[in-house]
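Asks: Mind looking over this structure? Questions follow.
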Amino acid sequence: MNSSLYNSVSGVKSFQFAMDVQSNNIANINTIGFKGSTPEISSLFSTTLAGTYAAYTNDDSLGASSQTTAFNMNQGILQNTDNAFDLAIGGEGWFGVQGLNEKTYFTRAGQFSIDSNGDLVDINGNYLLATSGNNITPTTLDETTLSKFGTYYKSTAKTPAQPYAINATGDVPLGSVGKQTKVHLPDLLYYPPTATTNVSYSASLNPKVTTGSVSVPLNSDDYTQTVTAASGKISLNGTTTHTSALQNPQPGDQVLVTVTDNAGKKLTTTTQLDASNQWSISNVNVSELDTSSPLNVSVSVTSNQEVANQDHASIGIIGPDGDKDTLDMTFTKRVPQAASGTTWDVTANIYSFYENYDSTKTYDPALYYVDQKDAKVYEIVDTQTGTLEFDGAGRLLSNSLPALSNGGTTLNVNLGTLNSFDGLVSSTSITKTSSYQTNGTVEGFLKNYGMDGNGNIIAEFDNGKSSAIAKVAVYHFQNDQGLTSASSNLFEESSNSGKAIFYTDKDGNAFLGSNVLNHRLEGSNVSMATALTELIVIQKAFTASSKGITTSDELLQNAINMKQ
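Sequential numbering of the sequence shown, starting at 1, is according to full-length UniProt numbering.
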């Protein structure tokens with residue numbers, strides 16, 4: 001009889017414990033990252049009623065005891081949010097946070113934000129733990145550069161924020177457990193410029209033969225002249241032959257003779273090539289010129305011949321100081337064209353903007369290029385020339401264009417692989433849209449922070465570049481059920497859970513083992529329907545146990561009354 005009384009009391013206590021657990025589940029049904037618990041109850045002890053020699057014992061279990069709770073580790077529903085640092089783990093694992101007491105806790109609640117110090121914290125001020133990329137360092141920037149940060153930079157602040165420079169990387173290795181620290185996200189993060197060191201250019205050069213009327217100056221060695229000072233007359237004659245400049249002169253081609261005195265006054269006369277490609281002028285009166293000083297005589301032949309084709313490319317590049325410079329290349333076909341294949345001369349210039357055109361100034365053409373169309377003046381940083389040879393199919397055979405100096409940085413220009421068609425071609429049958437690829441980056445200023453799918457915290461810049469600066473850690477345990485519950489939906493490792501670990505691949509490299517999703521939060525995994533059903537069952541069991549107490553009490557009272 002006493003046993004029934006104590007059994008019922010232990011039942012009441014156990015079901016009260018179960019009621020507490022389920023009530024806690026329901027209370028946290030909207031708590032981010034909350035994992036529901038299930039109460040575990042076992043027999044308190046038992047007695048053996050039959051002798052030990054019997055084939056089967058007849059145990060009488062005495063009471064129930066609340067043992068512990070088991071976590072429901074099922075994934076909670078993922079909710080979309082607008083905060084880039086609302087994080088959810090898709091799969092197993094735990095976020096690590098550092099409390100204000102510098103102890104490490106673990107949680108599934110991923111509500112993180114940047115605090116006033118630039119650190120990533122949860123809603124209770126605990127610091128999110130991540131592996132740092134160690135790729136941001138304090139730097140010094142001038143006032144002009146700082147002002148480009150816009151609203152991030154407060155020039156009137158008593159203590160302006162410390163600017164940092166980044167060494168860009170695509171991914172941060174997770175590393176080993178225990179190396180994680182809190183994440184600092186500075187307001188003033190600068191992406192330094194990098195000079196262009198490689199340019200690849202692909203296009204079709206047009207080798208089509210084009211003819212036109214060309215005026216070719218003759219060397220003074222190509223003709224003789226006679227000046228009769230007394231009469232003020234001049235006579236000249238010469239013979240023209242085929243040269244690279246004057247191709248196949250023909251009888252009837254016009255010869256222009258220009259005589260200029262020391263004062264710049266000119267006199268011109270013309271004649272034609274005869275059947276032997278010879279020409280002459282006799283007794284041309286130059287008395288109207290000043291003959292007291294030697295006269296300057298120039299002769300040119302106008303002939304119908306092949307005209308040198310030209311192609312042009314203008315490619316934006318980055319200088320060492322971050323300026324947007326220009327690689328300008330001019331391709332000129334050599335004429336006359338060979339029977340098989342073509343040869344092109346290439347001139348490459350690097351131009352850097354100098355100033356807007358000022359008509360009152362004189363610009364040395366050896367140092368500056370004046371763009372008359374845009375009224376801008378560019379400094380000539382470097383100039384190099386080379387020769388390109390192509391076979392009859394248009395395939396690049398040789399390229400003698402050397403590297404250029406991009407403000408002290410070597411700039412290599414790739415015009416294609418020799419004996420292939422992957423770069424420049426010289427063919428009328430192959431049409432390629434001109435295209436180019438360059439490296440180098442203009443300076444960038446922090447635009448915002450975000451996350452990628454690999455757990456990396458990403459800094460995004462206004463130059464279109466981005467870089468990982470840290471990787472959020474996802475910790476795992478041999479026994480998640482062994483974690484010790486702390487306040488605020490936090491847990492601590494224990495001897496039952498084992499130490500926190502990272503998953504590793506066959507090469508020993510740590511990896512997350514689960515997806516870290518941003519703009520997401522994991523909701524509570526408590527089912528309202530299940531929890532309410534459990535409450536009903538617990539209530540009925542509690543009532544039944546309490547009924548056992550009252551019934552036992554009545555039996556005891558009856559036994560006492562028997563004495564009377």
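A virtual CB, placed ideally from N, CA and C, is assigned to each residue, including glycine. Note that this is a predicted model, so its numbers are computed, not measured.
1. What residue from M73, G464 and S420 has the CA that sits closest to T441's CA?
2. Cα-Cα, which of T543, Q539, V526 and N515 is closest to G91?
3. Does the separation of the CB atoms of residue 616 and A130 fall below 8 Å?
4. Excluding the 5 residues flanking M562 on each side, which residues of the same chain have their C-beta closer than 8 Å to its C-beta?
5. Out of M73, S244 and D82, state which residue places its alpha-carbon closest to the alpha-carbon of T107.
6. Have a look at Y436 and Y190 and give me their C-alpha separation to the nearest angstrom.
7. When you compare only the Cα positions, how much space is there between K333 and S314?
8. Out of G252, T258 and P217, point me to the one whose CA is closest to L246's CA.
9. Just to confirm, are V307 and M329 a CB contact at a threshold of 8 Å?
10. Note down the Cα distance separating G170 from A468, rounded to an integer number of angstroms.
11. Could you pull out every residue in the same chain whose Cβ sits closer than 8 Å to the Cβ of Y368, ignoring the five residues on either side in sequence?
12. Looking at the unbroken alpha helix (DSSP H) that takes in L512, where does it start and where does it end?
13. Counting Cβ pairs, one atom from each stretch, are 3 or more of them under 8 Å apart for the region 94-101 and the region 111-131?
14. With DSSP run on the structure shown, which of helix, strand or coil describes A375?
15. What residue ranges within the UniProt domain "Flagellar hook protein FlgE/F/G-like D1" (88-150) form continuous beta strand (DSSP E) runs of no fewer than 3 residues, ordered along the chain?
16. Cβ atoms of S37 and A70: under 8 Å apart, would you say?
17. Going by beta-carbon coordinates alone, are N277 and S213 separated by less than 8 Å?
18. With distances taken from CA atoms, which of G110, A263 and Y201 is nearest A473?
19. For the beta strand (DSSP E) that contains S434, what are its first and last residues?
20. Please state whether the Cβ-Cβ distance between T269 and G232 is less than 8 Å.
21. To which residues of the same chain is S488 closer than 6 Å at the C-beta, ignoring the five residues directly before and after it?
22. Kindly indicate which residue of E143, L424, A84 and E493 has the alpha-carbon position closest to the one of N448.
23. Keeping to the same chain, check which residues put their C-beta closer than 6 Å to that of D222; ignore five residues upstream and five downstream.
24. For T410 and P320, what's the separation of their Cα atoms in angstroms?
25. At the level of alpha carbons, what is the spacing between D274 and N248?
26. In angstroms with no decimal places, state the Cα-to-Cα distance between L44 and V526.
27. Rounded C-beta distance between L415 and L396? I'm assuming under 8 Å.
Replies: In short, the structure shows the following:
1. Ranked by Cα distance from T441, the first of M73, G464 and S420 is G464.
2. Considering only alpha carbons, the answer is N515.
3. Nothing about residue 616 can be read from this structure; the chain reaches only from 1 to 564.
4. In its own chain, leaving out the 5 sequence neighbours on each side, no residue places its CB closer than 8 Å to the CB of M562.
5. Nearest option by C-alpha distance: M73.
6. So the alpha carbons of these two residues sit roughly 27 Å apart.
7. One C-alpha to the other measures close to 18 Å.
8. Comparing alpha-carbon positions, the option among G252, T258 and P217 lying closest to L246 turns out to be P217.
9. The answer is no: Cβ separation not under 8 Å.
10. Cα to Cα, the separation comes out at about 6 Å.
11. Excluding positions up to five away in sequence, the list reads Y354, V377, Y378, E379 and I380.
12. That residue, L512, is in no alpha helix (DSSP H); it is neither H nor E in DSSP.
13. Contact between the region 94-101 and the region 111-131 is present: three or more C-beta pairs spanning the two stretches fall below 8 Å.
14. Under the three-state reduction of DSSP output, A375 falls in the coil class, being neither helix nor strand.
15. Fully enclosed beta strand (DSSP E) runs of 3 or longer: 94-98, 104-107, 112-114, 120-122, 127-132 and 136-138.
16. Contact: yes.
17. The answer is no: Cβ separation not under 8 Å.
18. Of the listed residues, the one whose Cα sits closest to A473 is G110.
19. For S434, no beta strand (DSSP E) segment is defined, and its DSSP state is neither H nor E.
20. Not in contact: T269 and G232 (Cβ atoms no closer than 8 Å).
21. The answer, listed in chain order, is N124.
22. When only C-alpha atoms are compared, the closest one is A84.
23. Around D222: G238.
24. Rounded to whole angstroms, T410 to P320 spans 10 Å at the Cα level.
25. Approximately 14 Å between the Cα atoms of the pair.
26. For L44, the pLDDT reaches just 44, beneath the cut-off of 50, and the residue's location in the model is therefore unreliable, although a value from the coordinates is still provided. Cα to Cα, L44 sits roughly 29 Å from V526.
27. Contact flag correct, Cβ pair sits at about 7 Å.
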